[in-house]
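Numbering (the working numbering), first residue to last: 90 to 327. The block underneath contains the structure these notes are about, expressed in structure tokens.
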Amino acid sequence: MASVTLSGIEKNFGDTRVIKGVDIAIGDGEFAVFVGPSGCGKSTLLRMIAGLDDPAAGTIRIGERTVNGLPPKERGVSMVFQTYALYPHMTVKDNMGFGLMIAGTDQSTIGSKVAGAAKILGLDKLLDRLPRQLSGGQRQRVAMGRAMVRDPQVFLFDEPLSNLDAKLRVQMRTEIRALHQRLKTTSIYVTHDQIEAMTMADRIIVLRDGLVEQIGTPAHLYDNPCNTFVATFIGSPS
Ligand code: ADP
Ligand code: MG
């Protein structure tokens, strides 16, 4: 695991500034949740941590390293997306191992990493199935397995449950938290769902329009929202 520190992060798309100077320090082993309305910049921040996009200004540190300019695969992070984008013609096993294969990892290492992740995720009996032969929750676990086999220090989740029905969403929240605990990683989880944030986070970072509004534990934000935006968003009693 590793800490993740964002200092003075800014990002523009064309003439529009979408991230306007963000400072966030996430601790080693923490489960941090970025929450805020659609369009506030959650995915953009996550993509910059992953190295899929570059900030216009500011520094991103993962553990002891400044990672600005480093390619994604050298950052020690793995990202789980909202749309799982599993390869439809590949088995569960091959979907999970594909990233390692193209990175040139040898077959026996891939085999043991995939088997290890599959066991933890309860996919060990499903390794030869195709994605279309899986339920939504199982597909979501394959997407997590694909991220896990790379042994990341930091897991990044971008609204991973929004395609699931309500009951499964509740179950998967618990599973993702348990996985975080078990793998002892640092996790950054993006959602626009307040309940998800309140039930999963060690600390919540409330974002609005490219800026941090407030950072705190769920209990702290609930009891001491810094303004009406946070109060309304978190659902605090007024
Ligand atoms: P969120 O994930 O919180 O919904 P995003 O980070 O996706 O928000 O987007 C933040 C803002 O940046 C939005 O206004 C969005 O329209 C804009 N944006 C995101 N990606 C791009 C892009 N590739 N080109 C132009 N604008 C973008
Ligand atoms: Mg988003």
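Cβ coordinates follow ideal geometry from the N, Cα and C atoms, glycine included.
Take residue i as the anchor and find which of the options has the nearest alpha-carbon.
i    : options                : result
F102 : F120, D142, T94, V111  : D142
Q242 : S167, I209, S201       : S167
V124 : V231, P326, I277, I151 : I277
G205 : P249, P160, M261, M233 : M233
F120 : D183, T306, A207, S325 : T306
T263 : Y173, A286, L245       : A286
L296 : V279, H309, I284, A308 : V279
K162 : R221, L189, L268       : L189
R235 : P220, D195, M185       : M185
P220 : T180, T321, G158       : T180
S92  : F246, H178, T155, I284 : T155
H178 : Q222, I191, I293, T317 : Q222
So residue i and residue j are in contact, right, with Cβ under 8 Å, and what is the actual spacing, rounded?
i    : j    : result
E99  : A145 : 5 Å
R150 : T94  : 4 Å
K202 : V238 : 4 Å
K273 : G118 : 6 Å
D213 : K182 : About 10 Å separates the two Cβ atoms, so there is no contact after all.
R230 : L210 : 4 Å
H269 : S127 : Not a contact, Cβ separation roughly 25 Å.
D247 : L135 : 5 Å
Please list the terminal residues of the continuous alpha helix (DSSP H) segment that includes residue i.
i    : result
G147 : G147 -> not in any alpha helix (DSSP H); beta strand (DSSP E) instead, spanning 146-151.
R62  : Only positions 90 to 327 of the chain appear in this structure, which leaves residue 62 out of reach.
M287 : 283-289
V181 : 181-191
L310 : 307-312
By Cβ distance below 6 Å, which residues in the same chain neighbour residue i in space, the five residues on each side in sequence not counted?
i    : result
L300 : K109
L253 : G225
V111 : L95, I98, V301
D291 : E119, F120
E153 : none
M137 : P144
Y173 : R228, A232
R258 : L250
Kindly indicate which three-state DSSP category residue i falls into: helix, strand or coil?
i    : result
V156 : coil
L135 : helix
Q227 : helix
A207 : helix
F123 : strand
Y176 : coil
K100 : strand
V301 : strand
L95  : strand
V319 : helix
S276 : strand
P220 : helix
T194 : coil
G234 : helix
K202 : helix
P326 : coil
K61  : Since the first and last residues shown for the chain are 90 and 327, residue 61 lies out of range.
The beta strand (DSSP E) with residue i in it runs from where to where?
i    : result
F246 : 243-247
V107 : 105-115
L296 : 292-297
S167 : 166-169
Please determine whether the Cβ atom of residue i lies at a distance below 7 Å from any heavy atom of the ligand SAM.
i    : result
S132 : With respect to the ligand SAM, the structure offers nothing, as its ligand set consists of the ligand ADP and the ligand MG.
For residue i, which residues in the same chain have their Cβ closer than 8 Å to its Cβ, ignoring the five residues on either side in sequence?
i    : result
C315 : E302, Q303
V107 : K100, N101, G130, T133, G299
L159 : G140
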